[in-house]
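Notes follow once the structure below has been shown.
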Amino acid sequence: MISIFGVPGPLLFGQLSLGLINGAFYALLSLGLAVIFGMLNIINFAHGALFMLGAFASWMLLVPNTWLAMISPGLSVPDWLSLGYWPALVVAPVLVGAFGLLLERTVIRRLYKLDHLYGLLLTFGMALIIEGLARNAFGSSGMPYRTPDALQGPVNLGFMFMPKYRLWVLLAAGGMCLLTWFLIERTQLGARLRAATENPDLVQAFGVNVPRMISLTYAGGVALAAFAGVLAAPIYSVNPNMGSNFIITVFAVVVIGGMGSILGSIVTGFGLGIVEGLTKVFYPQASATVIFVVMVIVLLARPAGLFGKAA
Amino acid sequence: MLNAANPADPMLRIAGLNSWYGESHILHGVDFDVREGEVVTLLGRNGAGKTTTMKSIMGLVPRREGSIRFKGAETASMRPDGIARAGIAFCPEERGIFASLSVTENLMLPPQIAPGGMSVAEIYTLFPNLKERSGSQGTKLSGGEQQMLAIGRILRTGARLLLLDEPTEGLAPVIVQQIGRTIREIKARGFTVLLVEQNFRFAATVADRHYVMEHGRVIDMIPNSELSANMDKLHEYLGV
Chain A
1 MISIFGVPGP LLFGQLSLGL INGAFYALLS LGLAVIFGML NIINFAHGAL
51 FMLGAFASWM LLVPNTWLAM ISPGLSVPDW LSLGYWPALV VAPVLVGAFG
101 LLLERTVIRR LYKLDHLYGL LLTFGMALII EGLARNAFGS SGMPYRTPDA
151 LQGPVNLGFM FMPKYRLWVL LAAGGMCLLT WFLIERTQLG ARLRAATENP
201 DLVQAFGVNV PRMISLTYAG GVALAAFAGV LAAPIYSVNP NMGSNFIITV
251 FAVVVIGGMG SILGSIVTGF GLGIVEGLTK VFYPQASATV IFVVMVIVLL
301 ARPAGLFGKA A
Chain B
312 MLNAANPADP MLRIAGLNSW YGESHILHGV DFDVREGEVV TLLGRNGAGK
362 TTTMKSIMGL VPRREGSIRF KGAETASMRP DGIARAGIAF CPEERGIFAS
412 LSVTENLMLP PQIAPGGMSV AEIYTLFPNL KERSGSQGTK LSGGEQQMLA
462 IGRILRTGAR LLLLDEPTEG LAPVIVQQIG RTIREIKARG FTVLLVEQNF
512 RFAATVADRH YVMEHGRVID MIPNSELSAN MDKLHEYLGV
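These protein sequence lines are chains A and B, in that order. Using my numbering, the letters of the first sequence map in sequence onto residues 1 to 311. Using my numbering, the letters of the second sequence map in sequence onto residues 312 to 551.
Structure follows, in structure tokens:
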């Protein structure tokens with residue numbers, strides 16, 4: 001059996017792959033936060049709750065009649081609405097994104113002229129409400145979500161066996177990160193977004209409907225969180241707290257990467273997932289805190305974050 | 312003030328324009344008009360309200376009252392994006408080049424609002440420097456190049472009225488001359504230009520008429536042909 005630094009290969013690779021999976025979620029979530037912060041100047045504390053909503057939406061779309069019967073006996077919808085996992089990958093982010101659009105239009109947009117702190121408090125309150133309602137409706141024990149049949153079982157990568165579903169999560173999250181990066185950094189739409197982040201008034205004076213762009217950006221960031229939620233559903237149990245478990249770490253990732261940096265979110269997200277995985281192998285006691293230790297070091301050395309521009 | 316050779320309604324007519332920044336009342340009833348194909352300047356000392364007038368036309372002030380009619384339609388209650396889509400393009404004093412965008416991205420940023428704008432090739436002919444530096448970050452350009460980029464990008468959009476806020480500010484004489492040639496060139500192409508200037512010697516080389524502003528009002532209008540006869544008055548207005 002191969003061993004690296006005295007650690008058996010399978011253990012190392014196993015923890016590395018777990019770290020990468022966590023990193024994939026850090027990356028997807030902090031990417032959405034970065035996009036939203038850049039454009040709206042809002043630190044979206046509701047991101048974890050919206051991630052959770054994505055997972056719940058996906059779970060609800062699996063077999064709607066199960067939970068409809070829980071809410072009110074006799075309530076049911078036609079069977080064709082049992083969409084299953086693959087359509088949910090699209091439908092759940094669209095639904096949750098639309099909910100985000102509603103939040104932006106009704107509440108969040110009232111805060112743009114105020115200090116960041118107000119946005120943080122408002123979205124934190126929204127997170128508590130959303131999670132509270134979910135707990136009320138579904139309890140806090142969590143719902144099982146069966147991995148889709150096509151992704152059951154392991155796959156042999158040559159140096160290790162990996163559950164097919166985890167490989168899929170890595171590919172899907174990586175692909176979505178690349179797609180988002182491309183959209184923002186390499187397209188005309190992205191150029192408008194970046195310009196509006198710098199000087200929204202001037203971009204609007206060029207004839208761009210900036211308020212609509214801001215709403216859609218929030219919806220897009222929320223949809224990214226919901227997409228992560230759908231991916232997470234078969235890995236973590238679908239429960240109302242799944243977002244708050246993630247969100248604190250994700251904010252550390254955002255701070256380390258640099259507030260508002262797209263590339264920074266992606267690289268830091270995956271990178272810190274790996275760091276966390278490696279710590280589990282070499283010094284497990286520190287695995288829960290290592291990200292925050294990194295955060296402290298980065299804040300001391302580069303207060304704007306690894307990829308952030310000094311204000 | 313009516314020009315017999317051009318009896319049509321003015322392209323832009325501003326009447327009784329008042330503007331505020333918070334509690335500060337900046338414009339106190341500005342009146343003037345700009346006819347199609349003209350180059351018109353707003354002259355005046357610092358703080359006279361020239362830039363605020365431009366921003367008021369674009370809808371970029373927190374509060375404005377009065378009438379701003381563009382091609383006969385009232386725009387005083389429209390949002391900036393609606394005003395831009397009606398056919399007015401704005402080149403701000405600080406140039407507004409975006410640091411996170413390349414030169415090409417800056418150039419392509421304003422959406423086309425109507426046919427009839429200049430092509431990118433024509434803009435590069437006008438400003439050859441921009442073509443050479445198309446891949447650079449926008450704010451890495453020299454001040455003169457940034458100004459060319461700021462003007463160039465609004466020529467593409469199809470807007471026929473261009474608001475240029477102090478395009479020569481802080482630029483070397485040779486660049487100022489190039490900006491002057493550019494303004495004459497775009498006038499020859501039928502664009503209408505409203506120009507804010509501190510430098511009336513430069514303004515005299517490009518403009519048809521000059522409005523003089525003081526304390527948030529237009530206090531005089533001098534046709535360019537009568538500029539030399541009115542030098543004393545102008546020196547007094549501008550305090551130079």
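All C-beta atoms in this analysis are idealised placements derived from N, C-alpha and C, irrespective of residue type, glycine included.
Per DSSP, what kind of secondary structure is phenylalanine 51 of chain A in: helix, strand or coil? Secondary structure at phenylalanine 51 of chain A: helix, using DSSP grouped into helix, strand and coil.
Complete alpha helix (DSSP H) runs within the segment 79–109 of chain A (minimum length 4 residues, chain order): Within the segment 79–109 of chain A, the alpha helix (DSSP H) runs of at least 4 residues that lie entirely inside it are, in chain order, 85–106.
C-alpha gap between alanine 315 of chain B and leucine 505 of chain B, whole angstroms: With a pLDDT of 41 at alanine 315 of chain B, under the threshold of 50, the predicted position of this residue should be treated as unreliable, though the coordinate-derived value follows. Cα to Cα, alanine 315 of chain B sits roughly 21 Å from leucine 505 of chain B.
Listing by chain order, which chain A residues have their CB less than 7 Å from the CB of glycine 554 of chain B? Lying before the first or after the last residue shown, residue 554 of chain B is absent from chain B, which here runs from 312 to 551.
Hey, how far is the Cα of threonine 415 of chain B from the Cα of valine 351 of chain B? 30 Å
Contacts that valine 7 of chain A makes with chain B (C-beta to C-beta distance below 9 Å): Chain B residues near valine 7 of chain A: none, gap ~43 Å exceeds 9 Å.
Within-8 Å CB hit, glycine 257 of chain A to chain B: No, because no Cβ of chain B sits closer than 8 Å to the Cβ of glycine 257 of chain A.
Nearest-angstrom Cα separation, counted from glutamine 15 of chain A out to proline 284 of chain A: One C-alpha to the other measures close to 11 Å.
At a threshold of 7 Å, does tryptophan 168 of chain A count as lining the ligand FAD (C-beta to nearest heavy atom)? Looking at this structure, you won't find the ligand FAD or any other ligand, since it has none at all.
Which residue or residues does DSSP assign as beta-bridge partners of serine 30 of chain A? DSSP, once it has assigned bridges, lists no residue as partnering serine 30 of chain A.
Residues of the segment 461–494 of chain B with a CB closer than 9 Å to any CB of chain A: list them in chain order, please. Arg464, Ile465, Thr468 and Ala470
Mind checking the segment 401–430 of chain B against chain A and listing, in chain order, the residues whose C-beta falls within less than 7 Å of any C-beta there? Contacts with chain A (Cβ-Cβ distance below 7 Å) from the segment 401–430 of chain B involve Phe401, Pro403, Gly407, Phe409, Ala410, Ser411, Leu412, Glu416, Met419, Leu420, Pro421, Pro422 and Ile424, listed in chain order.
Taking C-beta pairs closer than 7 Å, name the residues in chain A that alanine 395 of chain B reaches, listed in chain order. For alanine 395 of chain B, the residues of chain A that pass the 7 Å Cβ criterion are Ala205, Phe206 and Gly207, in the order they occur in the chain.
Nearest CA to the CA of valine 230 of chain A: which residue from A/Val91, A/Gly273 and A/Thr197? A/Val91
Identify every residue that forms a DSSP beta bridge with cysteine 177 of chain A. In DSSP, cysteine 177 of chain A forms no bridge with anything.
Own chain partners of aspartate 519 of chain B with C-beta closer than 8 Å, once the 5 adjacent residues on each side are dropped: Glu349, Val350, Val351, Pro534 and Asn535
CA-to-CA distance, serine 141 of chain A to arginine 135 of chain A, given in whole angstroms: Their Cα atoms are separated by approximately 9 Å.
Could you confirm whether any beta carbon from chain A is found closer than 8 Å to the beta carbon of methionine 369 of chain B? Judged by the 8 Å Cβ criterion, methionine 369 of chain B is in contact with chain A.
Partner residues on chain A for aspartate 579 of chain B, Cβ-Cβ distance less than 8 Å: With chain B represented from 312 up to 551, any question about residue 579 of chain B goes unanswered, as that position is not in the structure.
Test item: CB-CB of valine 345 of chain B and threonine 516 of chain B under 8 Å: Not in contact: valine 345 of chain B and threonine 516 of chain B (Cβ atoms no closer than 8 Å).
Using 8 Å as the cut-off, can you tell me whether the segment 66–79 of chain A makes contact with the segment 149–165 of chain A, which would need three or more C-beta pairs spanning the two stretches below that distance? Fewer than three Cβ pairs drawn from the segment 66–79 of chain A and the segment 149–165 of chain A lie within less than 8 Å of each other, which leaves the two stretches out of contact.
Quick one: does aspartate 392 of chain B have its CB under 8 Å from some CB of chain A? yes
Determine the chain B residues that contact glutamine 188 of chain A at a beta-carbon separation under 7 Å, and present them in chain order. For glutamine 188 of chain A, the chain B residues whose Cβ falls inside 7 Å of its Cβ are Met419, in order along the chain.
Inter-residue Cα distance where the pair is serine 553 of chain B and methionine 259 of chain A: Past the edges of chain B, shown from 312 to 551, lies residue 553 of chain B, and the structure says nothing about it.
Pick helix, strand or coil for alanine 316 of chain B, following the three-state DSSP scheme. Low local confidence applies: a pLDDT of 42 at alanine 316 of chain B is under 50, so the model's placement there is unreliable, with the coordinate-based value given in what follows. It is coil, neither helix nor strand.
Isoleucine 4 of chain A, buried or exposed, once every other Cβ within 10 Å from all chains shown has been counted against 16: exposed
Looking at the structure shown, is glutamate 404 of chain B part of a helix, part of a strand, or coil, going by DSSP? Of the three classes helix, strand and coil, the one that applies to glutamate 404 of chain B here is coil, per DSSP.
For arginine 192 of chain A, go through chain B and note every residue whose CB falls closer than 7 Å to its CB, in chain order. Leu420
Per the DSSP calculation, aspartate 476 of chain B is bridged to which residue(s)? Aspartate 476 of chain B pairs with B/Val507.
Our contact map puts isoleucine 342 of chain B next to glycine 355 of chain B with C-beta atoms below 8 Å; I'd like the distance itself, whole angstroms only. Reading off the sequence, residue 342 of chain B comes out as aspartate, not isoleucine. Aspartate 342 of chain B to glycine 355 of chain B, Cβ: 14 Å. No contact.
For glycine 455 of chain B and alanine 461 of chain B, the rounded distance between their alpha carbons: 10 Å
Output the residue ranges of the beta strand (DSSP E) runs that lie fully inside the segment 365–405 of chain B and measure 3 residues or longer, sorted by chain position. Whole beta strand (DSSP E) segments, 3+ residues: 374–381 and 399–402.
Just to check my reading of the structure: threonine 468 of chain B and glycine 428 of chain B have Cβ atoms closer than 8 Å, yes? What is that Cβ distance to the nearest angstrom? 5 Å
Ignore the nearest five residues each way along the sequence and tell me which others in glycine 360 of chain B's own chain have a CB closer than 6 Å to its CB. Ile337, Leu338, Met524 and Gly527
Could you confirm whether any beta carbon from chain B is found closer than 8 Å to the beta carbon of valine 267 of chain A? Not one chain B Cβ lies under 8 Å of valine 267 of chain A.
Proximity to valine 94 of chain A [Cα-Cα], best of A/Pro303, A/Pro240 and A/Val222: A/Val222
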